[in-house]
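These notes concern the structure reproduced below.
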Amino acid sequence: MRLLPLLLTLAAAALPIAGRAAELRIGFTLDTLTLDPANHRSRETESVLRTMYNGLVAHDPAMKLVPELIESWTWIDPRTMEMKVRPGVTFHSGAKLTADDIVFTFTRLLTQGAIAGQTSPRKDLLGPTREVVKVDDSTVRFLLNEPWPVLPAMLTFQEVVSQHFVEQAGPAGIATTEDGTGPFKLVQWRRGESLVLERAANYFGGAPAIPVAAKACTDRVIIKIIPENASRVAALLAGDVDIINELPAHDIRSVEANPNTRVMAVNGTRTFFVALNNSRKPFDDIRVRQAANHALNRQLIIDKLLSRRAVKLNGVMSPAAFGHNPSLPEYTYDVAKAKALLTEAGYPNGIDVTLDADGPQKETAEAIGALLTQAGIRTKVAVGDGSQVRARWAANGKREGDMWISSWGNGSLDPTDIFEPTLKTGGRGNSAFYSNPKVDDLLAAGGRETDSAKRSALYQQAEAIINHDAPWIFLWLPQDLYGVSARLAGWSPTPSGWLNLRDACVQ
Amino acid sequence: MALVLLRRLLHLIPVLFGVTVIVFLMMSLTPGDPAEIMLANQNASPAQIATLRHDMGLDRPLLTRFGSFVGHALIGDFGQSLFHHRPVAAMIAERLPATIELSLAAMLLTLLVAIPLGVLAAVRRGGVLDRLASVGALFGVSLPGFWFGILLLIGFAVNLRWLPVSGAIDYARQPPVITGMLALDSLLAGRIDSLGNALAHLVLPAITLGLPMAAILMRVTRASMLDVLRQDYITFAEAKGLGRARIIALHALKNALLPTVTVAAMETGALLGGNMVVETVFGWPGLGRLVVESIFVRNYPLVQAAVLLYAVTYVLVNFAADLLYTVLNPRVRL
Chain A
2 MRLLPLLLTL
12 AAAALPIAGR
22 AAELRIGFTL
32 DTLTLDPANH
42 RSRETESVLR
52 TMYNGLVAHD
62 PAMKLVPELI
72 ESWTWIDPRT
82 MEMKVRPGVT
92 FHSGAKLTAD
102 DIVFTFTRLL
112 TQGAIAGQTS
122 PRKDLLGPTR
132 EVVKVDDSTV
142 RFLLNEPWPV
152 LPAMLTFQEV
162 VSQHFVEQAG
172 PAGIATTEDG
182 TGPFKLVQWR
192 RGESLVLERA
202 ANYFGGAPAI
212 PVAAKACTDR
222 VIIKIIPENA
232 SRVAALLAGD
242 VDIINELPAH
252 DIRSVEANPN
262 TRVMAVNGTR
272 TFFVALNNSR
282 KPFDDIRVRQ
292 AANHALNRQL
302 IIDKLLSRRA
312 VKLNGVMSPA
322 AFGHNPSLPE
332 YTYDVAKAKA
342 LLTEAGYPNG
352 IDVTLDADGP
362 QKETAEAIGA
372 LLTQAGIRTK
382 VAVGDGSQVR
392 ARWAANGKRE
402 GDMWISSWGN
412 GSLDPTDIFE
422 PTLKTGGRGN
432 SAFYSNPKVD
442 DLLAAGGRET
452 DSAKRSALYQ
462 QAEAIINHDA
472 PWIFLWLPQD
482 LYGVSARLAG
492 WSPTPSGWLN
502 LRDACVQ
Chain B
171 MALVLLRRLL
181 HLIPVLFGVT
191 VIVFLMMSLT
201 PGDPAEIMLA
211 NQNASPAQIA
221 TLRHDMGLDR
231 PLLTRFGSFV
241 GHALIGDFGQ
251 SLFHHRPVAA
261 MIAERLPATI
271 ELSLAAMLLT
281 LLVAIPLGVL
291 AAVRRGGVLD
301 RLASVGALFG
311 VSLPGFWFGI
321 LLLIGFAVNL
331 RWLPVSGAID
341 YARQPPVITG
351 MLALDSLLAG
361 RIDSLGNALA
371 HLVLPAITLG
381 LPMAAILMRV
391 TRASMLDVLR
401 QDYITFAEAK
411 GLGRARIIAL
421 HALKNALLPT
431 VTVAAMETGA
441 LLGGNMVVET
451 VFGWPGLGRL
461 VVESIFVRNY
471 PLVQAAVLLY
481 AVTYVLVNFA
491 ADLLYTVLNP
501 RVRL
């Protein structure tokens, strides 16, 4: 009989603790690799780090660039950018953010072998940046080897660390503890299981351009690592977590059917397209390329294969990207027009071509192949190992293929990041082998121009030409899916994948 | 005896060397390299990938890398994880207690269920219990672990809400760290609330992990029990007028357990493998999941060290089983 009270206590302890409204729980796919912002190349790690650290530049909810740990940036000349350090920012340890911390952060990123003998894997995200120097206590300058107007956008990928903290903690310390300036500070990291964060009392409030919610009600955030999709969805449905990332499309219905949960989607930053080999027959003819664009019913594929979770693209970039041209004409689905264009190009009986794809794109490629075939572009789908297919379509490769279903991530949402590699003559990701001197000139001008409005206009012009030239079959931009609890307010997903928990609130 | 022990331990050396060679070759010959994977979807240029490969030391010839790995491993240095930039040994050490705890729980559950069921099924051969146990065993062996685990999750965590979905313990219930095994630490610290919470988290993963093994052990125990019950000495014991229960418990079971011990030891391999699946499904912070994640990204040093550890465990467990043999049956000599 004495066992009974013990058993009751045990049973009570098994239940979740009641009244955890001030606690926000997240079911997240991957554990953080390290807490050192300079020593990883993982989007998931960055998402988590951004809750504790800030950058010089951030995105506002509309994905516009806004200064975060600085007050402003100014181009002194195309190779020099000056920044005013935001006053009144403190690290979680209480130390003040100084110009020296910023110089230290970027010197650590840029210097060969600066992290315990290794070079930061994030160094190349700083492009032609040569060094960062302190002008006075509130001013720093970025010195570049060549003009690089995309610098502010690329600075969103770097977080500022405290010089004192890094020197005290050493490489092992900064990998496992933190001293950031962000809205939350680390309480505990149980590796492989969870990260526990608490609201930082001395948080400076964030970028003034992003208005602060009336009252942040989350005292504690628990990021639980649940790699298995079905288990993550189960955790959401059971009310065990309030947000899950990477909701599988086939689970949309069960999350929508549950009265306590809902689906949230946001446009991603990865552009999908079919690269057409512009360097040889039949796709060296613009009419054949345009025919291919008219031959594809993209909406059908989005509806049937992608669970309606993608937006059609008529050009290169996300509608949220800087310099996106909103008035690009659409290649409407029109089989008759496609056949007419093929006949005009000298192929009245259609053409026989091969579409290369890697494993994950097999289904989509087969659907595209079937639709193209209906319009006289008889397509054979060849599925191969990812690295082999990529090698076949390398910019310096043999140019033997016809078509390749491919994609390019544009995390900075800046045109430089996607136009230059994929569409500039000889670009490292120019798998279509596209070359148009007019586009090259516009991209070169855009790569020098530091005036935002002028720069945007240059890329809009380039995108219009590319839309007409149709070097690709323009496809879509998939959305990132999240499942959230109905009790969650003040939170929305971002294209960058950052968790942005500052204003999130569980009711 | 001591000499035998020593000789058996010396056998470990060629086994471990062989395992090292095989793992090293398998990892190296699998397509995809860590540098490319680390920079996948990052639009990296070939030059950037090459630089990273150089930084990771992957551009050195295979033999040089192997030699360096073995040389360092001999002095207990398993290198740094390519992605975490931390010593592999430390990473394994911090994940190991959770895996040991889960494996022990599964093992305990298995033995507690499988042996009595096997014995009962044999004693009441052809009865209802025997048939039910046979059907149950068939299910246990044929259900894929990840599917069964998710089924349990949906039933007991999502719909009934009796048990937590994932993790090893709630944040607010953590006991002080002593061994790293949460249930044990809770007991040692006298924290009943922590113990309840830890056990609640442990139930579903342990059942998922233990079920296939329980099914096999049940079948083996049943078969060997049936075999033993037909022996002359059992008939003799019956003739002496000993009670049925006494015969089974004292005369039959001990001999019937010999094959059970062998199979249980051999099933340790399945247990170690099963850990990878179960830890992934239940978000269990153990070594198995770390290994799975490391294989996906070709984190060579971590996978090599972990597989070595698995091999050592397997060999040692089987060695212990041999020792147990001599206890169960004094006629067996090592």
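Protein chains in written order, with the working numbering: chain A, 2 to 508; chain B, 171 to 504.
For glycine and all other residues, C-beta sits at the position ideal for the given N, C-alpha and C.
For clarity, every value in this text was computed on a predicted model and none was experimentally measured.
For residue i and chain B, any beta-carbon pair shorter than 7 Å?
| i | result |
| --- | --- |
| Leu34 (chain A) | yes |
| Pro184 (chain A) | no |
| Lys225 (chain A) | yes |
| Gln480 (chain A) | no |
| Glu147 (chain A) | no |
| Val197 (chain A) | yes |
| Asp283 (chain A) | According to the sequence displayed, residue 283 (chain A) carries Pro and not Asp. So, not an interface residue. |
| Ile18 (chain A) | Bear in mind that the predicted position of Ile18 (chain A) carries a pLDDT of just 45, short of 50, making it unreliable; the figure below should be weighed with that in mind. Chain B, which has a Cβ nearer than 7 Å to the Cβ of Ile18 (chain A), makes this yes. |
| Arg26 (chain A) | no |
| Gly193 (chain A) | yes |
| Pro327 (chain A) | no |
| Pro38 (chain A) | no |
| Pro260 (chain A) | no |
| Pro228 (chain A) | yes |
| Arg254 (chain A) | no |
| Asn42 (chain A) | In the sequence on display, residue 42 (chain A) carries Arg and not Asn. True, the Cβ-Cβ gap to chain B drops below 7 Å. |
Cβ of residue i less than 7 Å from any chain A Cβ?
| i | result |
| --- | --- |
| Ile285 (chain B) | no |
| Thr450 (chain B) | yes |
| Phe253 (chain B) | yes |
| Met208 (chain B) | yes |
| Ser464 (chain B) | no |
| Ile262 (chain B) | no |
| Pro455 (chain B) | yes |
| Ser215 (chain B) | yes |
| Ile320 (chain B) | yes |
| Ala323 (chain B) | Reading the sequence as shown, one finds Leu at residue 323 (chain B) and not Ala. At least one chain A Cβ lies under 7 Å of Leu323 (chain B). |
| Gln401 (chain B) | no |
| Gln218 (chain B) | yes |
Using the DSSP secondary-structure output, state which residues sit across from residue i in a beta bridge.
| i | result |
| --- | --- |
| Glu132 (chain A) | A:Leu144 |
| Ile71 (chain A) | A:Val86 |
| Leu196 (chain A) | A:Trp190 and A:Ile224 |
| Ala505 (chain A) | In the DSSP output, where bridge partners are listed per residue, Ala505 (chain A) has none listed. |
| Ala59 (chain A) | A:Val67 |
| Phe1 (chain A) | Nothing in the structure corresponds to residue 1 (chain A), since chain A is present only between 2 and 508. |
| Thr355 (chain A) | A:Lys381 |
| Gly410 (chain A) | A:Arg271 |
Contact defined as beta carbons within less than 8 Å: I believe residue i pairs with residue j. What is the distance between those atoms, to the nearest angstrom?
| i | j | result |
| --- | --- | --- |
| Leu98 (chain A) | Leu70 (chain A) | 6 Å |
| Ala322 (chain A) | Asn468 (chain A) | About 15 Å; that fails the 8 Å criterion. |
| Gly181 (chain A) | Asn55 (chain A) | 7 Å |
Among the options, whose alpha-carbon lies nearest the alpha-carbon of residue i?
| i | options | result |
| --- | --- | --- |
| Ala383 (chain A) | A:Arg393, A:Pro88 and A:Glu247 | A:Arg393 |
| Val390 (chain B) | B:Leu493, B:Ala434, B:Ala481 and B:Asp225 | B:Ala434 |
| Ile302 (chain A) | A:Leu342, A:Arg263 and A:Glu367 | A:Glu367 |
| Leu179 (chain B) | B:Val485, B:Trp454 and B:Leu457 | B:Val485 |
| Ile348 (chain B) | B:Ser356, B:Ala342 and B:Tyr341 | B:Ser356 |
| Met383 (chain B) | B:Val448, B:Val311 and B:Thr432 | B:Val311 |
| Ala100 (chain A) | A:Asp137, A:Ala117 and A:Glu132 | A:Asp137 |
| Gly188 (chain B) | B:Leu176, B:Leu278, B:Ala481 and B:Val502 | B:Ala481 |
| Ile352 (chain A) | A:Asp386, A:Leu314, A:Asp403 and A:Ser328 | A:Asp403 |
Given the structure, does residue i come close to the ligand PLP, in the sense that its CB is under 6 Å from one of the ligand's heavy atoms?
| i | result |
| --- | --- |
| Phe236 (chain B) | Although the ligand PLP was asked about, the structure shown includes no ligands whatsoever. |
By the 9 Å beta-carbon criterion, what residues does the segment 234 to 249 of chain B contribute toward chain A?
If the cut-off is 9 Å between Cβ atoms, the segment 234 to 249 of chain B has nothing near chain A.
Taking beta-carbon pairs under 7 Å, can you tell me which members of the segment 230 to 243 of chain A lie near chain B?
Listed by position, the residues of the segment 230 to 243 of chain A near chain B (Cβ gap below 7 Å) are Ala231, Ser232, Ala235, Ala236, Leu238, Ala239 and Asp241.
Which residues of the segment 220 to 232 of chain B have a Cβ closer than 7 Å to any Cβ of chain A? Give them in chain order.
Listed by position along the chain: Leu222 and Asp225.
When Cβ atoms are compared, which residues of the segment 487 to 506 of chain A fall closer than 9 Å to chain B?
None of the residues of the segment 487 to 506 of chain A has a beta carbon lying less than 9 Å from any beta carbon of chain B.
Taking a Cβ distance cut-off of 9 Å, strictly less, list which residues of the segment 328 to 348 of chain B are near chain A, in chain order.
Only Val328, Asn329, Arg331, Trp332, Leu333, Pro334, Val335, Ser336, Gly337, Ala338, Ile339, Asp340, Tyr341, Ala342, Arg343 and Gln344 from the segment 328 to 348 of chain B bring a Cβ to less than 9 Å from some Cβ of chain A.
Relative to chain B, which residues along the segment 110 to 121 of chain A have a C-beta separation below 7 Å, given in chain order?
Under the 7 Å Cβ criterion, the segment 110 to 121 of chain A contributes Gln119 and Thr120.
If contact means a Cβ-Cβ distance below 7 Å, which residues of the segment 125 to 143 of chain A contact chain B?
Cβ proximity to chain B below 7 Å picks out Asp125 from the segment 125 to 143 of chain A.
Contact list for the segment 386 to 417 of chain A against chain B, Cβ threshold 7 Å:
Cβ contacts with chain B come from Asp386, Ser388, Trp409 and Gly410.
In the segment 427 to 441 of chain A, which residues sit with their C-beta less than 9 Å from some C-beta in chain B, listed in chain order?
Shown in chain order are the members of the segment 427 to 441 of chain A whose Cβ falls below 9 Å from a Cβ of chain B: Arg429 and Gly430.
Could you list the residues in the segment 71 to 97 of chain A with a C-beta less than 8 Å from some C-beta on chain B, going in chain order?
Residues: none.
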